[in-house]
Structures are given as C-alpha cells and as structure tokens.
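Visitor: In the numbering used here, the protein residues as written are 1 to 555.
So that we are looking at the same thing, I have put the structure below in structure tokens.
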Amino acid sequence: MDTPSPTSSAPVTAPAHLPDRWPWQRSLQARMIIAFGGAFLIILALLTFWLGRTVYNTYLDAAEHDLEVAAFLASNALEDPLSGYASEFAQYQQWEAEREHAAVAPSDDTRDDDNKKEDDEDDDAERATPAPTPLPAPTPEIVLPRLQGVADLYARDANARVTILDKNGHPVADSQYDIERITPQGAQMEVVMALRGEELSDIRADAFTGALTLFAAAPIQQGSEMLGVVQLSQPMQVVAERARALVLTIILAGVVAVLASTVLAVWISRRLVRPVLRLEQAALAAAQGDLSQQVPVQTSDELGALAQAFNRMVGAVHTMLEQQRAFVAHASHELRTPLTNIKLRIEVVRALGDEAPDISERYLAEIESEANRLARLANALLDLAHLESRPAPPPDKRVDLAPMLHNAAAIMQLRAQLAGVTMTAAAPATLPPVKVHPEQVEEAVLNLLDNAIKYTPAGGRVALTAAATPERLIVNVSDTGAGIPPDDLPHIFDRFYRVDKARSRTRGGQSGMGSGAGLGLAIVKQLVEQNQGSVTVESTPDQGANFSVSFPLMA
Ligand code: ADP
Numbered sequence: 001m002d003t004p005s006p007t008s009s010a011p012v013t014a015p016a017h018l019p020d021r022w023p024w025q026r027s028l029q030a031r032m033i034i035a036f037g038g039a040f041l042i043i044l045a046l047l048t049f050w051l052g053r054t055v056y057n058t059y060l061d062a063a064e065h066d067l068e069v070a071a072f073l074a075s076n077a078l079e080d081p082l083s084g085y086a087s088e089f090a091q092y093q094q095w096e097a098e099r100e101h102a103a104v105a106p107s108d109d110t111r112d113d114d115n116k117k118e119d120d121e122d123d124d125a126e127r128a129t130p131a132p133t134p135l136p137a138p139t140p141e142i143v144l145p146r147l148q149g150v151a152d153l154y155a156r157d158a159n160a161r162v163t164i165l166d167k168n169g170h171p172v173a174d175s176q177y178d179i180e181r182i183t184p185q186g187a188q189m190e191v192v193m194a195l196r197g198e199e200l201s202d203i204r205a206d207a208f209t210g211a212l213t214l215f216a217a218a219p220i221q222q223g224s225e226m227l228g229v230v231q232l233s234q235p236m237q238v239v240a241e242r243a244r245a246l247v248l249t250i251i252l253a254g255v256v257a258v259l260a261s262t263v264l265a266v267w268i269s270r271r272l273v274r275p276v277l278r279l280e281q282a283a284l285a286a287a288q289g290d291l292s293q294q295v296p297v298q299t300s301d302e303l304g305a306l307a308q309a310f311n312r313m314v315g316a317v318h319t320m321l322e323q324q325r326a327f328v329a330h331a332s333h334e335l336r337t338p339l340t341n342i343k344l345r346i347e348v349v350r351a352l353g354d355e356a357p358d359i360s361e362r363y364l365a366e367i368e369s370e371a372n373r374l375a376r377l378a379n380a381l382l383d384l385a386h387l388e389s390r391p392a393p394p395p396d397k398r399v400d401l402a403p404m405l406h407n408a409a410a411i412m413q414l415r416a417q418l419a420g421v422t423m424t425a426a427a428p429a430t431l432p433p434v435k436v437h438p439e440q441v442e443e444a445v446l447n448l449l450d451n452a453i454k455y456t457p458a459g460g461r462v463a464l465t466a467a468a469t470p471e472r473l474i475v476n477v478s479d480t481g482a483g484i485p486p487d488d489l490p491h492i493f494d495r496f497y498r499v500d501k502a503r504s505r506t507r508g509g510q511s512g513m514g515s516g517a518g519l520g521l522a523i524v525k526q527l528v529e530q531n532q533g534s535v536t537v538e539s540t541p542d543q544g545a546n547f548s549v550s551f552p553l554m555a
C-alpha cells in the first residue's frame with residue numbers, strides 16, 4: 001500500500017528536504033538578530049564580568065592601601081603619647097610650677113649687699129641654664145586617655161576601627177570596644193609583621209562581628225625601639241559597597257548597550273533582509289508569468305549585484321519569450337499561407353472533376369509547388385531548431401576549406417545556368433586550415449550562393465572567392481543583383497525577415513535551398529557562429545550584395 005509522501009504536505013516556502021528544527025530557522029532576519037545579539041551579549045557579559053572583577057580588585061587594593069596609610073599615620077602620631085610626649089608634658093608642668101613658685105617668694109633674698117651683685121650674677125647664670133631635673137615616668141593616667149583620643153581621632157578620619165597594642169600585643173586603646181573585652185592579638189598576622197617592623201594587611205572574619213574584615217597594622221617605633229602596634233580594621237562590606245555602585249553602573253551600561261545593539265541588529269537585519277524579500281516577491285511573480293518584474297537596485301554591494309542580476313535575468317527571459325512568441329506567430333503564418341493555397345486548389349480541382357483537365361492539371365502543379373515550399377519551410381524550421389537545441393560539439397579538426405568551396409560552386413553551377421547567371425569560383429587549390437565542421441560551412445556557403453543566384457537577374461554575375469589574411473580565412477559570396485536597401489541590412493539575418501516579401505517568395509519558389517520565408521540567412525548565421533566564425537554583409541542597392549564569412553586561422 002502506498003504511504004503518503006512526507007514531502008507532499010510540506011509548505012511551499014520551506015523545502016521539504018531542509019526541515020526546520022527551530023521556528024527562527026525560517027527567518028533570515030531572526031537568525032541575524034540572534035547571531036549579532038548573541039555574540040554581543042557574550043562579549044558584553046565577559047567584559048562586564050572582567051570589568052567588575054577589576055573594579056572590585058582595584059577598590060580592594062585601594063582600601064588596603066588606604067588602611068595601611070592610615071595605620072602608618074596613626075602609628076606616627078602615636079609615637080609621642082607612648083614615649084616622649086608624656087615626659088615632655090610632665091617636664092612642662094614642673095617648669096610651670098617652678099615659675100609660679102619664683103613669682104610668689106621675692107623677699108626671701110636676705111644676703112649682704114657686697115655679695116648681692118655676685119649673687120645676682122649667679123642667679124642670672126642659674127636662670128639661663130637651669131639644672132636638668134630627672135623626669136617622672138609617664139603614668140597610665142596621663143598616657144591612656146591620650147592614646148584613646150588618638151585612636152578615636154584616627155578611627156573617625158579613616159572610617160575604621162583603631163586598636164592600639166603594646167609591644168606584647170596587649171590592647172591599650174580601642175576606638176570601638178572596651179579594651180578589657182579584647183583578647184591579646186600578638187598572634188594575628190599583620191600584628192606579628194608590624195612588631196617585626198613591617199606593614200601588612202589581611203582579610204579575615206572579625207572576632208566580634210564575625211563579618212569578613214580588612215585588617216592593617218603598622219609598628220609604633222621610636223628610633224629602633226619598638227613601642228607597640230596600631231591596628232586598623234574595616235568591614236569588607238564597606239569596600240564591597242563602594243565597588244558595587246560602580247559595578248552596578250557598568251552592568252547598567254551593559255544592559256543599555258545590549259538593548260541598543262539589539263535595536264541596531266534589528267535595524268541592520270531589516271535593511272539587509274528587505275531587498276531579499278522584495279526579490280522573493282518578484283521571483284514568485286515572475287514564476288507566475290509576470291515578466292515585467294524589476295526590483296530596485298539600491299546598494300552597490302552583493303545584494304545590489306543580485307538585484308541587478310535578477311533584473312537582467314527576467315529581462316532576458318522576457319526577450320526570449322517575446323522572440324519565441326514572434327517565431328511561433330511567424331512560423332504559423334508562413335505555414336498557413338501555402339496550406340490555404342493548397343486547400344483552395346484542391347476544392348477547385350474536386351469541383352471541376354473531369355470537366356477541365358487543363359485547369360486541374362495547372363492547379364495540381366501549383367499544389368505540388370506549395371507542398372514543396374511547405375516541405376522546405378518545415379526543413380528550415382527543423383534545421384534551425386536542431387542547431388539551437390543541439391549545437392554541434394566544438395570542431396576539433398583542422399580543415400582545408402578549398403575542396404569544399406570548389407564542390408559547392410560545382411553543385412550550384414547548374415542552378416546558375418538555369419537562371420542565366422554567370423557564376424565563377426576563385427579559390428586557391430589549398431587554403432590555410434581552420435577548425436570548423438566542413439559540412440556546416442558548406443551548408444552556409446550553399447545557402448549564400450542560392451540567395452545570390454535567386455536575387456540576381458538573368459545576365460548578372462555571382463562570384464565565390466576565398467582568401468586568407470594573417471588572422472582569418474575569408475570566404476566572399478558576391479553578386480550583381482538587386483542588392484539590399486541600407487535600412488534592411490541590420491535585420492537581414494533575423495528570422496523571417498524578408499526585404500521584399502513578394503519577390504522573395506516567388507523567387508524562392510524555385511529554390512532548392514532556402515524556404516523563401518526569411519529563414520535562410522538566420523540558418524547561415526547560426527551555422528557560421530557555431531564554428532567560431534562571423535558573417536557580414538555589404539550592399540549597394542541595384543548593384544549587388546557581398547556576403548563575407550570568416551573564420552579565425554589556427555596559430
Ligand atoms: P529567403 O528565404 O527569403 O531568401 P533569407 O534569410 O535567405 O530568406 O534572406 C532574407 C532576405 O534577404 C531575403 O528575403 C532577401 O530579400 C534578402 N537577400 C538575401 N540574400 C540576398 C542577395 N544576395 N541579394 C539581395 N537580397 C538578398
């Protein structure tokens with residue numbers, strides 16, 4: 001049992017042998033948008049990812065650096081409170097106290113006048129260079145509040161938590177927590193490095209908050225003496241928040257770029273696809289017989305070239321069809337005339353019966369003549385159709401045309417004599433060889449000789465000559481006949497073209513070669529051109545015509 005073919009129900013627009021797996025495969029535009037948009041999206045996603053990472057890392061580096069700098073500045077500021085500043089402060093207080101004491105007790109001076117001057121000098125000397133006094137050690141009551149102050153100040157400035165540790169890693173002040181609550185931090189990496197005199201930053205979970213935190217520490221040194229460490233910490237969230245704003249801006253810009261590129265892709269693909277769709281419409285209309293279709297050529301690119309090629313193709317098909325129609329019309333007209341003539345005469349002969357044998361005999365002869373003309377016409381049409389549909393393969397043999405030319409002249413000699421025309425043949429015994437099919441060239445030459453005899457009145461001359469130039473072999477068929485008017489010359493090789501229809505037909509009736517329907521020269525042209533030759537004509541009306549056939553000589 002026959003199963004229905006899977007191709008029978010396929011839509012006209014999608015060939016059955018190319019099944020569409022996805023709906024978008026049916027649209028060139030969709031494919032282009034997906035291809036452009038997809039590629040752009042991937043590039044953009046990678047770019048955004050890379051940019052985001054870079055921005056985040058840059059912010060992190062900057063935050064680490066800022067925190068390290070803040071730690072360094074804080075450590076510098078803390079050198080004094082931890083060491084010399086407190087003692088200086090104590091020294092200043094002592095000096096103030098001494099000054100006050102001197103101001104309130106001037107009458108204590110009870111020495112002799114003799115000694116007074118000396119004493120004054122001594123006093124002056126003492127005041128100018130006061131004796132160095134041993135300084136009291138800085139007490140925690142003096143130092144700790146100042147350290148706390150410095151910690152608070154830098155915490156505010158750096159927007160970070162500041163912890164000050166002594167050289168054993170014990171907390172001394174903290175900007176955020178009570179120091180009693182803070183465990184010694186001597187083991188933390190950045191603190192260890194700071195105690196060795198180096199600055200470092202680290203990211204880890206904070207002991208209090210548990211949140212990921214950035215830590216940086218710097219040593220507090222006086223000369224080579226290690227006094228302690230200042231540690232700064234900042235939740236990573238702060239860093240991430242700063243980076244997030246920029247990453248969000250980048251993503252937003254990416255989304256805008258994707259939207260813009262999609263709009264652009266749609267616009268470009270529309271512009272590209274529109275002429276293709278127009279071409280499709282025109283091709284479908286042409287397939288339905290409207291060969292007046294022309295598509296606008298708007299670009300100079302491949303699509304423009306395609307539109308141009310389409311227009312040319314439709315134009316060529318249109319011209320070919322017109323020629324074909326004209327040919328059929330001509331051919332049927334040419335066939336109808338002799339057929340009508342034959343039919344009319346048969347009716348007359350039949351009506352006459354045996355009454356007028358002379359007239360019947362004349363009509364029968366005319367019927368025969370018309371039948372012959374029909375046969376010639378049919379042969380000529382067949383020749384032409386044959387030449388066009390099945391052209392002979394390109395000639396591959398080199399031929400000397402001289403014997404063929406002499407033979408053609410001999411064949412036509414009797415016809416010339418009967419017509420009262422003198423025919424001469426002047427060709428050398430041998431000619432340079434040419435690559436042609438000799439039988440086809442002979443047919444062309446016979447046709448030209450036939451025409452020359454046909455259109456030359458009795459007493460005229462027909463000459464067949466052949467000669468070679470360096471490049472070509474030229475065969476001329478000339479006559480002293482009626483010639484061809486200049487207006488007709490350009491059309492003389494067209495099918496069914498006759499200069500003087502009446503003249504052609506009556507003279508052609510005697511001919512054994514041409515049809516008399518204007519097909520002889522069209523056949524000649526076809527034969528010559530199929531052998532890489534060319535045929536031209538020159539004529540002066542009432543003086544004769546010269547047909548010239550030439551073929552390229554072999555190098
Ligand atoms: P036909 O069969 O009518 O002769 P051809 O194609 O051979 O058709 O010739 C076309 C027309 O060219 C003829 O009708 C004739 O008018 C003109 N012609 C051809 N050869 C000659 C010639 N040698 N001298 C004058 N006219 C010619």
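Beta carbons: idealized from backbone N, C-alpha and C, even for Gly.
1) My output table needs one value for Glu199: the three-state DSSP class, helix, strand or coil.
2) Less than 8 Å between CB atoms is the rule here; does Pro457 satisfy it with respect to chain C?
3) Using CA atoms only, rank isn't needed, just tell me which of Pro394, Gly483, Leu264 and Ala243 is closest to Ala63.
4) Tell me whether Glu373 counts as near the ligand ADP, meaning its Cβ is closer than 7 Å to at least one heavy atom of that ligand.
5) Specify the secondary structure class of Ser8 as computed by DSSP and reduced to three states.
6) Among all the DSSP beta bridges, which residues are the ones paired with Gly533?
7) With distances taken from CA atoms, which of Ile411, Gly210, Glu370 and Pro552 is nearest Glu471?
8) Cα-Cα, which of Glu280, Gly37 and Gln532 is closest to Ile268?
9) For Asn451, verify whether its CB is less than 7 Å away from any heavy atom of the ligand ADP.
10) Under a Cβ-count criterion, where at least 16 other Cβ atoms within 10 Å of its own Cβ denotes burial, should Ser300 be classed as buried or exposed?
11) Please report the residue range of the beta strand (DSSP E) in which Phe208 lies.
12) Could you check which residue in Gln176, Leu44 and Ala385 has the C-alpha nearest to that of Ser261?
13) Given a cut-off of 8 Å on the beta-carbon distance, is the pair Thr456 and Thr430 in contact?
14) CA-CA distance, Asp542 and Ile484?
15) Beta carbon of Ala426, beta carbon of Thr469: below 8 Å?
16) Alpha carbon to alpha carbon, what distance is there between Ala316 and Gly420?
17) Verify the contact flag: Gly483, CB atom, against every heavy atom of the ligand ADP, threshold strictly below 7 Å.
18) Exposed or buried, Val569, counting other C-beta atoms within 10 Å across all chains shown (16 or more means buried)?
19) Can you have a look at Asp66 and say buried or exposed, based on whether 16 or more other CB atoms are within 10 angstroms of its CB?
20) Distance, Cα to Cα, Ser511 vs Asp450?
21) Under a Cβ-count criterion, where at least 16 other Cβ atoms within 10 Å of its own Cβ denotes burial, should Met404 be classed as buried or exposed?
22) Quick test of your reading: Val537 and Ile474, contact by CB under 8 Å. State the CB separation rounded to the nearest angstrom.
23) Between Ala216 and Ser201, is the Cβ-Cβ spacing less than 8 Å?
24) I think Ala385 touches Ile523, with their Cβ atoms under 8 Å apart; what is that distance to the nearest whole Å?
25) So, helix, strand or coil for Gln176, using DSSP?
26) Once DSSP output is grouped into helix, strand and coil, what is the label at Phe551?
27) If you count every other CB in all the chains shown that lies within 10 Å of the CB of Asp561, and 16 or more means buried, which is it?
28) Using CA atoms only, rank isn't needed, just tell me which of Ala160, Gln231 and Ile164 is closest to Arg146.
29) Among Ala444, Val436, His437 and Leu448, which residue has its Cα nearest to the Cα of Met423?
30) Can you have a look at Glu225 and say buried or exposed, based on whether 16 or more other CB atoms are within 10 angstroms of its CB?
31) Could you tell me if the beta carbon of Ala545 falls within a distance shorter than 7 Å of some heavy atom in the ligand ADP?
32) Around the C-beta of Gly289, are 16 or more other C-beta atoms found within 10 angstroms, so that it is buried, or is it exposed?
33) Look at the alpha carbon of Ala402 and the alpha carbon of Ala286, and state the distance between them as a whole number of angstroms.
34) Give me the Cα-Cα distance between Val499 and Arg376, rounded to the nearest whole angstrom.
35) Should Gly516 be labelled buried (16 or more other beta-carbon atoms within 10 Å of its own) or exposed?
36) How would you call Asp112, buried or exposed, if buried means at least 16 neighbouring beta carbons within 10 angstroms?
Guide: According to the structure shown:
1) Looking up residue 199 in the sequence shown gives position 199. Coil at Glu199, not helix or strand.
2) Of the protein chains in this structure there is only one, and it is not chain C.
3) What you label residue 63 is simply residue 63 of the sequence shown in a count that begins at 1. For Ala63, the nearest C-alpha among the options comes from Ala243.
4) Taking the sequence shown and counting its residues from 1, one reaches residue 373 at position 373. In the sequence as displayed, the identity of residue 373 is Arg instead of Glu. Answer for Arg373: no, Cβ out of range of the ligand ADP.
5) Taking the first residue of the sequence shown as position 1, residue 8 is located at position 8. With a pLDDT of only 38 at Ser8, under the threshold of 50, the placement of this residue in the model should not be trusted; the figure read from the coordinates follows. Three-state result, Ser8: coil.
6) Mapped onto the sequence shown, residue 533 falls at position 533. According to DSSP, which records beta bridges pairwise, Gly533 is partnered with nothing at all.
7) Walking along the sequence shown from the start, residue 471 turns up at place 471. The candidate whose alpha carbon is nearest that of Glu471 is Pro552.
8) Looking up residue 268 in the sequence shown gives position 268. Selected option, being the one with the closest Cα: Gly37.
9) Here residue 451 refers to the residue found at position 451 when the sequence shown is read from its first residue. Asn451: yes, Cβ under 7 Å from the ligand ADP.
10) Your numbering for residue 300 matches position 300 in the sequence shown. The residue is exposed, with fewer than 16 neighbouring Cβ atoms inside 10 Å.
11) Within the sequence shown, residue 208 is the residue found at index 208, counting from 1. First-last for Phe208: undefined, no H or E at that position.
12) Counted from its first residue, the sequence shown places residue 261 at position 261. Of the listed residues, the one whose Cα sits closest to Ser261 is Leu44.
13) Taking the first residue of the sequence shown as position 1, residue 456 is located at position 456. Taking the first residue of the sequence shown as position 1, residue 430 is located at position 430. Cβ distance not < 8 Å, so Thr456 and Thr430 don't count as in contact.
14) On the sequence shown, position 542 is the one that residue 542 refers to. On the sequence shown, position 484 is the one that residue 484 refers to. Each residue's alpha carbon lies about 8 Å from the other.
15) Numbered from its first residue, the sequence shown carries residue 426 at position 426. Numbered from its first residue, the sequence shown carries residue 469 at position 469. Result no, Cβ atoms of Ala426 and Thr469 do not sit closer than 8 Å.
16) Here residue 420 corresponds to residue number 420 of the sequence shown, with the count starting at 1. Here residue 316 corresponds to residue number 316 of the sequence shown, with the count starting at 1. Computed Cα separation, rounded: 46 Å.
17) Along the sequence shown, read from residue 1 onward, the residue named residue 483 stands at position 483. Indeed, a heavy atom of the ligand ADP lies less than 7 Å from the Cβ.
18) The requested residue 569 is not part of the displayed model; the chain covers only 1 to 555.
19) Residue numbering aside, residue 66 sits at position 66 when the sequence shown is read from its first letter. So Asp66 ends up on the buried side.
20) As a working mapping, residue 511 is identified with position 511 in the sequence shown. As a working mapping, residue 450 is identified with position 450 in the sequence shown. Because Ser511 carries a pLDDT of 45, less than 50, the predicted location of this residue cannot be relied on, and no value is offered for it.
21) Along the sequence shown, read from residue 1 onward, the residue named residue 404 stands at position 404. Counting Cβ neighbours within 10 Å, Met404 comes out buried, since at least 16 surround it.
22) Locating residue 537 in the sequence shown gives position 537, where the first residue counts as 1. Locating residue 474 in the sequence shown gives position 474, where the first residue counts as 1. That pair is no contact at about 13 Å.
23) As a working note, residue 216 is residue 216 in the sequence shown. As a working note, residue 201 is residue 201 in the sequence shown. For Ala216 and Ser201, yes; Cβs fall inside 8 Å.
24) To locate residue 385, count along the sequence shown from 1; it is residue 385. To locate residue 523, count along the sequence shown from 1; it is residue 523. At roughly 11 Å, the Cβ-Cβ gap does not stay under 8 Å, so Ala385 and Ile523 are not in contact.
25) Reading the sequence shown from its first residue, position 176 is the one you call residue 176. Gln176 falls in the coil class under three-state DSSP.
26) Your numbering for residue 551 matches position 551 in the sequence shown. Looking at Phe551 - three-state DSSP - the assignment turns out to be strand.
27) Any property of residue 561 remains undetermined from this structure, which presents the chain solely from 1 to 555.
28) Working through the sequence shown from its first residue, we reach residue 146 at position 146. Looking at the Cα atoms, Ile164 is the closest of the given residues.
29) Residue numbering aside, residue 423 sits at position 423 when the sequence shown is read from its first letter. Selected option, being the one with the closest Cα: Leu448.
30) Here residue 225 refers to the residue found at position 225 when the sequence shown is read from its first residue. Glu225 comes out exposed.
31) Translated into the one-based positions of the sequence shown, residue 545 becomes position 545. Yes.
32) In the sequence shown, the residue the question calls residue 289 occupies position 289. The residue in question, Gly289, is exposed, as its Cβ has fewer than 16 Cβ neighbours within 10 Å.
33) Position 402 of the sequence shown holds residue 402. Position 286 of the sequence shown holds residue 286. Each residue's Cα considered, the two are about 51 Å apart.
34) As a first step, residue 499 must be located in the sequence shown, where it is residue number 499. As a first step, residue 376 must be located in the sequence shown, where it is residue number 376. Going by the C-alpha atoms only, they are around 19 Å apart.
35) Residue 516 sits at position 516 when you count from the first residue of the sequence shown. That one is buried.
36) Here residue 112 refers to the residue found at position 112 when the sequence shown is read from its first residue. Here Asp112 scores only 45 on pLDDT, less than 50, and its place in the model should not be relied on; the value that follows carries that caveat. Label assigned to Asp112: exposed.
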